[in-house]
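With the working numbering applied, the sequence shown corresponds to residues -1 to 610, in that order.
Just so it is clear, CB atoms sit at the ideal spot from N, CA and C, and this is done for glycine as well.
Here the structure is a predicted model, which is why all the values come from computation and not from measurement.
Have a look at the structure below before the remarks.
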Amino acid sequence: MCGIVGYIGTREAYPVILKGLKRLEYRGYDSSGVALKNEQGLKVYKKKGKVAELEESVIGIDMHAHIGIGHTRWATHGEPSDRNAHPHLSNNKKLAMIHNGIIENYAPIKQELINKGYIFHSDTDTEVLLNFIEDIQKNNECALEEALRIALKRIVGAYCILLISEDEPDTIIAARKGSPLVIGIGKGEHFLASDASPIIEYTKEVVYVNDYEIAIVKPDELILKNLGNEKQTPFITKLDMELAAIEKGGYEHFMLKEIHEQPNTIHDCLRGRLLPETGQIMMGGIENNLDALVNAQRIVIVACGTSWHAGLIAEYMIEELCRIPVEVEYSSEFRYRNPIINKGDVIIAISQSGETADTLVALERAKEQGAFIFGVVNVVGSSIARISHAGAYTHAGHEIGVASTKAFTGQLAVLSMMALKIAYAKKTITHERYIQLMNDLHAVPEKVKEILKDTSNIKAIAEKYKDAKDFLFLGRGYNFPVALEGALKLKEISYIHAEGYPAAEMKHGPIALVDENLPVVFVATKDSYYEKIVSNVQEIKARKGQVIAVATEGDTIIPGMANDVMFVPDTDEVIAPLLSTIPLQLLSYYVGIAKGIDVDKPRNLAKSVTVE
Ligand code: F6R
C-alpha cells in the first residue's frame, strides 16, 4: 500500500525513481510524485493518476539531480488529487517527505501545529508528521535526524518514510515501523524502496530495515540506528530474484502471466519437499516443530482476502486429515475481538506479501499471549515471515498482478503438504491414503498445464456473460472456498457484483436472486458432494438461471445440465481446489479484459495492504 523509492549516488536520480515507481505501482496508483534535490534546491513534482501521468507532466522539465525520493499512492487520508499526492513539502519548504502507512494520532498534532500558525496544503496525515518534524527541529535547534527521532516517539501508527532536506546535503533519512523498507547497496550509491523490485537491476546486496530503525543514507555510507540513538549493524542479504521475474515476458498482463506460471510455481513449491517415491515430505519448519503441530489442541488460521480463502480450504484439509479443530479468522476481526488464545495453540498466518497490516497486528497480539506462530508466506524476509516462530514459503515468485492467483495455489500446495505431514505423524491417515494424496498433489502441475493449454472456451464464456450485473458462485465442501475465491476475483477485476455461497445454503436466501439474467457458476467437480450439487444445479435450472459449471473431464451429467462448462482433470477432492480455481481465475481475467478494465491495476485496490 503506497510504494516508495529513493536514490542517492552518482546516477541521475529521476530515471531510477521513475522506473522503480512503475515497478511498485501494484502497491497503489491514485497519484504519484518525486522530490529531487540539486544545486538549485529542492523541487517537487506530483500528479493525480498513474505514474505514466506524472511522467508525461514533467516532459520538457530539467529533472537533473543525484538525490531524490518518489511515491506512488493508495489514498488513506484525503482523496486522490494533485494536492494530496506525495512528496509533501514542509512549511519552510526545506524538507520533503514521502510516507507509506497511517499516522493515527495526526489530528491533535495537526491542531497543535495550526495553533502555532502552520498552514496545511493537503488533507494528509503525512504533511502533519512532516511539519511536526520541522517544528521540533526549529524549537530544539537540532539535527534533522534528532528531530525525526523525537517525532517518531510521539506518533502512533505505521510508517515507512523517506525524508530529504535542503540543509543536509547528500543524505536521505528513512525510518520504518510496520511498512516495509529495503535498502540496496551499490558502489558509492544507495537505493531505497518498499520492495526489492526497483533495486534488482542495480545490486543484489540489500538490507531489510527493521521496525523502529532509522537509516541515515549517504552515497557511500549507511548508518542504522534504533530510536534510542544506538547504532545497529546492518545485516546484508543477497537477493534471490531475477529481473525476468518482474517483467511481463510477452504476456499482455501480469495477471495472465502469473496464471500461466502456475504449473512452474506449484512445481517449485513442491520440489525437494514432496517425495512420493520415498513417502517423505521434507519441510524444515514442520519437522523442527512437529510436537507443537501434532499436539496442538486447536489451530487458528488468520489471513485476509484470497489468503483467507486458502485458510478455509486448509480448515477442511486439517480437520479431515489431522483431526485437529481449526478456526479460520479474518485477521482484522481476530485482532480486535479479544480472542481466547491458550498457551500451546498454533496460529497459522497466511499471506502472500507478508506485510498485510491486519495480519501482522493479529500475530503480534497472539504472540504476546504465548501462541506458536507458523507463517505461510510468499515474500521472503517479509515482516510476517520474520515475526513467525517457524514457517514455510510458498515459492510462487514475485506476484505483481493485484489480483492474487499463483500465490493462492502456492498457499494451497504448502497447506496440503503440511496437513499430510502432520496427519502422517499423528497417524490419523492410513499409509495408502497418504501415498495416494502425495501422488495426486505431485500430478497437479501437469494437470494445471492441461487446463491452460487452450483457454479459448473460457474466453468465449467470459465474453458471453460480460454484461451481467451480478454473478453467484456456488460450491460445496472443498469447492465452497473456491466459489468464494471465484467471486472475489470477479469483483476485483471486472467490477461486477458477485457472491460466493455454499451451494446448499443458496436455498435459504440467495435463490431469490435467480432469474434468467443471473449467471450462476457452480464449482461442481466429482467429489463426495457430487450428487447433492447435481440437485442444486437442478434447482437453479428450474428457476431459469444461467448455469456455468466447472466440471470434471469425462463427466456428462453436470455438462448435460449446464449452459456452459469449463473442464478440469480428475483428482482427489482434497487436492481439487488447486485445479478448480484455475478456470475461475481465467474467467475473471477475460471478463475484465472484455470490459476494458486494467486488470493489473483495478480501481481502489492495492497489492500490499499495509494499513489497518
Ligand atoms: C485478492 C487479493 C487480496 C489479498 C489480501 C491479503 O486477489 O489479492 O484479497 O489476498 O489483501 O494479502 P496478503 O496475502 O498479502 O496478506
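Taking 7 Å as the limit, tell me which residues put their C-beta closer than that to any heavy atom of the ligand F6R, in chain order. A301, C302, G303, T304, S305, I348, S349, Q350, S351, G352, E353, T354, T357, V400, A401, S402, A405, L486, K487, E490, K605, S606 and V607
Figure out for me which residue from A405, A360 and A194 has the closest Cα to the Cα of N336. A360
Determine the closest residue to H84 out of V56, E102, K46 and Y104, with distance taken between C-alpha atoms. K46
Distance check for M415 and V292, CA to CA, integer angstroms please. 14 Å
From this set, E166, N137, T124 and A173, which residue's C-alpha is nearest L146's C-alpha? When E166, N137, T124 and A173 are compared, the shortest CA-CA separation from L146 is found for A173.
How would you write the range of the alpha helix (DSSP H) that D289 sits in, first residue to last? L288 to V292
Which same chain residues, not among the five before or five after K202, have their C-beta less than 7 Å away from its C-beta? K236 and L237
DSSP three-state call for Q434: helix, strand or coil? helix
Any Cβ of chain C within less than 8 Å of the Cβ of S120? Absence of chain C from the displayed structure is noted, only one protein chain being present.
7 Å Cβ shell around Y210 - same chain, five flanking residues per side excluded: K175, N224 and L225
Identity of the residues DSSP links to S163 by a beta bridge: L93
Given 8 Å, three or more beta-carbon pairs between the stretch 139 to 155 and the stretch 180 to 190: no
If contact is defined by three or more beta carbon pairs under 8 Å, each pair taking one atom from either stretch, is the stretch 540 to 556 in contact with the stretch 369 to 388? Contact fails: fewer than three Cβ-Cβ distances are below 8 Å.
Among L16, P575, S606 and A540, the one whose alpha carbon lies nearest that of S380: S606
The alpha helix (DSSP H) spanning K223 covers which residue range? Here K223 belongs to no alpha helix (DSSP H); instead the beta strand (DSSP E) covers E219 to N224.
Chain-order list of residues whose beta-carbon lies under 8 Å from that of R296 (same chain, five-residue window excluded): I322, P323, V324, E325, N340, D343 and V344
Please classify M95 as buried or exposed, where buried requires at least 16 neighbouring CB atoms within 10 angstroms. buried
Going by beta-carbon coordinates alone, are V548 and P575 separated by less than 8 Å? no
Tell me which same chain residues have a C-beta within less than 7 Å of the C-beta of K20, skipping the five on either side of it? V49
Cα-Cα separation, V535 to E503: 13 Å
Alpha carbons only, please: which of I591, I159 and Q135 is nearest the one belonging to T124? I159
Look at the alpha carbon of G39 and the alpha carbon of N227, and state the distance between them as a whole number of angstroms. Each residue's alpha carbon lies about 29 Å from the other.
Which same chain residues end up closer than 6 Å to F118 when comparing Cβ atoms and leaving out the 5 residues on each side of it in sequence? E125
Just curious, the beta strand (DSSP E) that A191 is in, first and last residue? H188 to A191
Neighbourhood of L254 by C-beta distance below 7 Å, restricted to the same chain and skipping five residues each side: Non-local C-beta neighbours of L254 in its own chain, meaning closer than 7 Å and more than five positions away in sequence, comprise Y587, ordered along the chain.
Mark M280 as exposed unless 16 or more other C-beta atoms lie within 10 angstroms of its C-beta, in which case mark it buried. exposed
Endpoints, the alpha helix (DSSP H) within which K45 is located: Premise fails: K45 lies in the beta strand (DSSP E), G39 to K46, not in any alpha helix (DSSP H).
Burial state of A242 (16 or more Cβ within 10 Å): exposed
Could you tell me the distance, in whole angstroms, from the CA atom of Y493 to the CA atom of T74? 21 Å
Quick check: the Cα distance between I449 and R333, rounded to an integer number of angstroms? 39 Å
3 or more residues per run - each beta strand (DSSP E) lying fully within the stretch 495 to 539: 495 to 500 and 517 to 521
Could you give the first and the last residue of the continuous beta strand (DSSP E) run that contains N36? Start and end: S29 to N36.
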